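These notes concern the structure reproduced below.
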Ligand SMILES: Nc1ncnc2c1ncn2[C@@H]1O[C@H](COP(=O)(O)OP(=O)(O)O)[C@@H](O)[C@H]1O
Ligand SMILES: [Mg+2]
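Numbering (this note's numbering), first residue to last: 8 to 266.
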């Protein structure tokens, strides 16, 4: 990232729940069009970080800035995708994807056109009239991503979006997310506990310590945007993954010792 104002930035972000500190001075930058990952153990504050960035949870100190301006609440400039499906079970795939657009009272024809476009991007056309309970886990997550993208947010916030999928589906979805990112140019912040996923997908990885979450390392991933799963065989990738795992291992041991 160059000297430009980041699209999304956390500056000295602190979050306390009651007397318990969940995030302790987190600094993260996401440049326009970047795909950035935050990786950390369960309970280190990843979801909290994302919820604050989404404007759903208030922060205790520090700031989250969008284009340099403090985030004051939820907004259409940020789309959200969660770990498990949050689709409306009574709405078809098409109707789920249209949801955010209907709220904005766009014309029917325009909604249809946009929804068709994102169904195509997400390879969901054949499933447009299915209900969520007729879909596989991967298809549900694709629908959730399509729904988030349909409102054309400036930033897509993803909270362990593939965490509930089996390993094979997850790896297909990861490649797929890279495709969608290249195709749409959307700025993406993804949080995950999956180290390989964080390295494979992102241009930069922020490693969070266990509670309270703190950035203990910031790693540039040198694979470029046109990467494929081939990079997973690359020694540089193995080294990066092993390095991050070692960092997290130390924190996991400390957390167990404390418990
Ligand atoms: N609403 C809440 N009230 C109290 N504590 C919370 C709340 N949400 C999260 N926490 C605590 O904050 C810490 C971070 O949680 P979370 O952000 O969900 O971590 P992660 O997503 O990395 O697993 C955990 O210890 C969790 O118990
Ligand atoms: Mg979480």
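Backbone N, C-alpha and C define an ideal beta-carbon position, used for all residues, glycine too.
Quick caveat: nothing in here was measured; it's all calculated off a predicted structure.
Is there contact here, the region 34 to 45 with the region 10 to 18, by at least three beta-carbon pairs under 8 Å?
With three or more CB-CB distances shorter than 8 Å, the region 34 to 45 counts as touching the region 10 to 18.
Could you tell me the boundaries of the beta strand (DSSP E) in which residue 194 lies?
In the chain shown, the residue the question calls residue 194 occupies position 187. Following the DSSP letters along the chain, one finds residue 194 inside the beta strand (DSSP E) bounded by residues 194 to 199.
Suppose you measure from the CA of residue 222 to the CA of residue 245; what does that come to, to the nearest Å?
As a working note, residue 222 is residue 215 in the chain shown. As a working note, residue 245 is residue 238 in the chain shown. Going by the C-alpha atoms only, they are around 21 Å apart.
Using CA coordinates, which residue listed in 72, 25 and 169 is at the minimum distance from residue 92?
The sequence position of residue 92 within the chain shown is 85, counting from 1. The residue with the shortest Cα to Cα distance from residue 92 is 169.
Could you check which residue in 17, 212, 166 and 31 has the C-alpha nearest to that of residue 219?
Locating residue 219 in the chain shown gives position 212, where the first residue counts as 1. Checking every option, the nearest Cα to that of residue 219 belongs to 31.
How many whole angstroms separate the CB atoms of residue 214 and residue 254, which I take to be in contact at a CB cut-off of 8 Å?
Reading the chain shown from its first residue, position 207 is the one you call residue 214. Reading the chain shown from its first residue, position 247 is the one you call residue 254. Contact annotation, residue 214 with residue 254: C-beta distance approximately 5 Å; criterion of less than 8 Å satisfied.
Under 8 Å: does the beta carbon of residue 245 sit that close to some heavy atom of ligand 1?
The residue labelled residue 245 in the question sits at position 238 within the chain shown. No, Cβ of residue 245 sits at least 8 Å from all heavy atoms of ligand 1.
Starting from the N-terminal side, write out each stretch of the beta strand (DSSP E) that is 3 residues or longer and does not extend beyond the region 20 to 69.
The region 20 to 69 contains these whole beta strand (DSSP E) runs: 27 to 37 and 42 to 46.
Check for me: the alpha helix (DSSP H) holding residue 144 runs from which residue to which?
Counting from one through the chain shown, the residue named residue 144 turns up at place 137. That run of the alpha helix (DSSP H) goes 144 to 157.
Roughly how many angstroms separate the alpha carbons of residue 241 and residue 25, rounded to a whole number?
Position 234 of the chain shown, counted from the first residue, corresponds to residue 241. Position 18 of the chain shown, counted from the first residue, corresponds to residue 25. It is roughly 45 Å from the alpha-carbon of residue 241 to the alpha-carbon of residue 25.
Taking 8 Å as the cut-off, is the beta-carbon of residue 24 closer than that to any non-hydrogen atom of ligand 1?
On the chain shown, residue 24 is found 17 positions in, with the first residue counted as 1. Ligand 1 approaches residue 24 closely enough that one of its heavy atoms is under 8 Å from the residue's Cβ.
Look at the Cβ atom of residue 103, then the Cβ atom of residue 160, and state whether they are nearer than 9 Å.
As a first step, residue 103 is located in the chain shown; it is residue number 96 there, counting from the start. As a first step, residue 160 is located in the chain shown; it is residue number 153 there, counting from the start. No, they are not a contact pair.
How about residue 72 and residue 78: are their beta carbons less than 9 Å apart?
Numbered from its first residue, the chain shown carries residue 72 at position 65. Numbered from its first residue, the chain shown carries residue 78 at position 71. Yes; because the gap between Cβ atoms is below 9 Å, this pair is in contact.
If the criterion is Cβ atoms closer than 9 Å, does the pair residue 70 and residue 17 meet it?
Counting from one through the chain shown, the residue named residue 70 turns up at place 63. Counting from one through the chain shown, the residue named residue 17 turns up at place 10. The Cβ atoms of residue 70 and residue 17 lie closer than 9 Å to each other.
Considering only heavy atoms of ligand 1 and the C-beta of each residue, which residues fall inside 6 Å, strictly closer?
In chain order, the hits are 24, 29, 47, 49, 50, 51, 52, 53, 54, 55 and 218.
What residues in its chain sit with their C-beta under 8 Å from that of residue 144, if we drop five residues either side in the sequence?
Counted from its first residue, the chain shown places residue 144 at position 137. Excluding sequence neighbours, residue 144 sits near 92, 171, 172, 173 and 176.
Compare the Cα-Cα distances from residue 192 to each of 19, 21, 20 and 40 and report the closest residue.
For the purposes of this step, residue 192 is identified with residue 185 of the chain shown, where counting begins at 1. Residue 192 has its Cα closest to that of 40, out of 19, 21, 20 and 40.
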